[in-house]
Amino acid sequence: LQFLYFIEAGGKGRGFPMPWPGDARNIEEFVSRFSPLLYDNLDTWDEDVEDLHRCGVKVNGFAGQLHWMQIVSWVMIVIQVTFLYSLIIPMMRYPGDVILIVGCTVLSLLVVIGNVACCLTQSADPAVFRDIRWTKQDWEQYITIKYRDGWDGALVDEFKYKDKLLGLQKGELRWCSMCHVAVWQTSYHCHSSNKCVDHMDHFCKWLNTSIGIANYKYFKVFSLACFWTSVIQFSIGMYEFSDSFQDPHFYKTRMTAVYDTLADGAIHAMRAFMFVSTILALVAIVQLGYLYGFHIMLYRLDFTTVTYWQQKNTDTAQTERMGKKKKNPPKHSYDRSVT
Numbered sequence: 171l172q173f174l175y176f177i178e179a180g181g182k183g184r185g186f187p188m189p190w191p192g193d194a195r196n197i198e199e200f201v202s203r204f205s206p207l208l209y210d211n212l213d214t215w216d217e218d219v220e221d222l223h224r225c226g227v228k229v230n231g232f233a234g235q236l237h238w239m240q241i242v243s244w245v246m247i248v249i250q251v252t253f254l255y256s257l258i259i260p261m262m263r264y265p266g267d268v269i270l271i272v273g274c275t276v277l278s279l280l281v282v283i284g285n286v287a288c289c290l291t292q293s294a295d296p297a298v299f300r301d302i303r304w305t306k307q308d309w310e311q312y313i314t315i316k317y318r319d320g321w322d323g324a325l326v327d328e329f330k331y332k333d334k335l336l337g338l339q340k341g342e343l344r345w346c347s348m349c350h351v352a353v354w355q356t357s358y359h360c361h362s363s364n365k366c367v368d369h370m371d372h373f374c375k376w377l378n379t380s381i382g383i384a385n386y387k388y389f390k391v392f393s394l395a396c397f398w399t400s401v402i403q404f405s406i407g408m409y410e411f412s413d414s415f416q417d418p419h420f421y422k423t424r425m426t427a428v429y430d431t432l433a434d435g436a437i438h439a440m441r442a443f444m445f446v447s448t449i450l451a452l453v454a455i456v457q458l459g460y461l462y463g464f465h466i467m468l469y470r471l472d473f474t475t476v477t478y479w480q481q482k483n484t485d486t487a488q489t490e491r492m493g494k495k496k497k498n499p500p501k502h503s504y505d506r507s508v509t
């Protein structure tokens with residue numbers, strides 16, 4: 171049973187291959203080799219507290235402890251919006267200021283809505299919160315049906331979760347050794363949020379949530395809106411910074427009207443703020459551009475981030491050919507639909 175537990179638990183949702191040992195004499199070596207890579211152990215299966223696992227599950231991006239990168243992302247959003255509306259837009263000439271107000275307002279709303287929607291949307295496999303966790307006896311019955319009695323044996327009618335057996339037999343479902351429920355074959359267990367995520371792509375620390383098929387569209391909206399907001403900030407910042415040297419009289423007059431100040435250092439301070447914000451916007455453009463380019467590549471290859479890195483780590487030669495040949499990319503059952 172211990173050996174079969176490792177076989178059932180290994181491979182999918184683990185990020186490492188689980189080879190068959192070949193014969194019974196190698197089972198002890200096999201178990202000792204892979205046991206450090208597994209969270210659960212058949213001998214320490216908890217049967218007393220039904221909802222113990224769910225207590226450690228991150229329900230959404232705002233539940234539990236916030237990640238420091240998530241806090242930084244919100245601080246950056248506030249700083250970026252404040253800078254645009256308090257410094258850049260007021261110094262613009264008409265009609266550029268009106269166009270910029272409309273564009274920045276739409277993009278800022280998309281950034282906030284995409285962020286909140288992505289964090290609050292439940293990306294977990296439906297069985298994680300819907301189904302009752304299997305006990306050790308349930309799992310032993312399932313193993314007996316699968317490996318000894320067969321799918322039409324006498325134990326099938328007595329099995330508590332017999333409605334799941336057809337899906338398990340066809341490969342549509344699989345048993346997760348950490349959630350202790352039968353989840354979709356397309357699900358992957360996220361260690362950061364401690365739950366199986368349907369069509370998981372990655373765990374985003376900036377949003378503090380797992381990205382799967384349910385919230386991937388909001389992730390794309392959020393990242394794309396951030397990218398174009400940074401592009402606007404960089405373009406306008408560069409224009410205003412250079413224009414402040416070409417027409418300083420206009421800027422002094424404008425600052426007097428907007429900020430009611432003619433201090434000698436006011437225009438120099440404004441230039442300094444513009445320069446710093448432009449550099450930060452350029453950094454954001456590079457990072458977000460790389461991220462979106464990477465996801466476009468994943469879409470063309472029919473991969474998720476998870477399966478791309480699994481393939482890259484397990485088959486370097488095939489990964490090197492992916493960018494050159496698309497006719498035979500490796501396929502996986504949950505590489506579809508996430509994009």
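Quick note on numbering: this note's numbering labels position 252 of the sequence shown as 422, and the sequence is numbered without any gaps. Each residue gets a CB set at the ideal place from its N, CA and C atoms; glycine is no exception.
Beta-bridge annotation (DSSP): residue 373 is paired with 380. The DSSP-derived three-state label of residue 237 is coil. Counting along the chain, no beta strand (DSSP E) covers residue 393; the unbroken alpha helix (DSSP H) around it starts and ends at 386-416. About 4 Å separates the CB atoms of residue 295 and residue 366; that is less than 8 Å, so the two are in contact. Counting C-beta pairs with one atom in each stretch, the stretch 285-305 and the stretch 357-375 have three or more that are closer than 8 Å, which means they touch. The shortest C-alpha to C-alpha distance from residue 330 to any of 301, 348, 430 and 441 is the one to 301.
Bounds of the beta strand (DSSP E) holding residue 365 are 365-368. With respect to residue 231, residue 377 sits close: the two C-beta atoms are nearer than 7 Å. A distance below 7 Å separates the beta carbons of residue 277 and residue 395. Nearest to residue 449 by alpha-carbon distance, out of 478, 476 and 407, is 407.
Nearest neighbour of residue 286 by Cα position, chosen from 358, 240 and 359, turns out to be 240. A distance below 6 Å between beta-carbons, with the five flanking residues on each side excluded, links residue 290 to the following residues of its chain, in chain order: 230. In this structure, the beta-carbon distance from residue 392 to residue 284 falls below 7 Å. DSSP places residue 263 outside both helix and strand once states are collapsed to three, so it counts as coil. Listed in chain order, the alpha helix (DSSP H) elements of length 4 or more contained wholly in the stretch 270-349 are 296-300, 306-314 and 335-340. Taking the CA atoms as reference points, residue 466 sits about 42 Å from residue 305. Just so you know, the alpha carbons of residue 255 and residue 271 end up roughly 8 Å apart.
Going by beta carbons, residue 411 and residue 440 fall outside the 7 Å limit. Beta-bridge annotation (DSSP): residue 358 is paired with 367.
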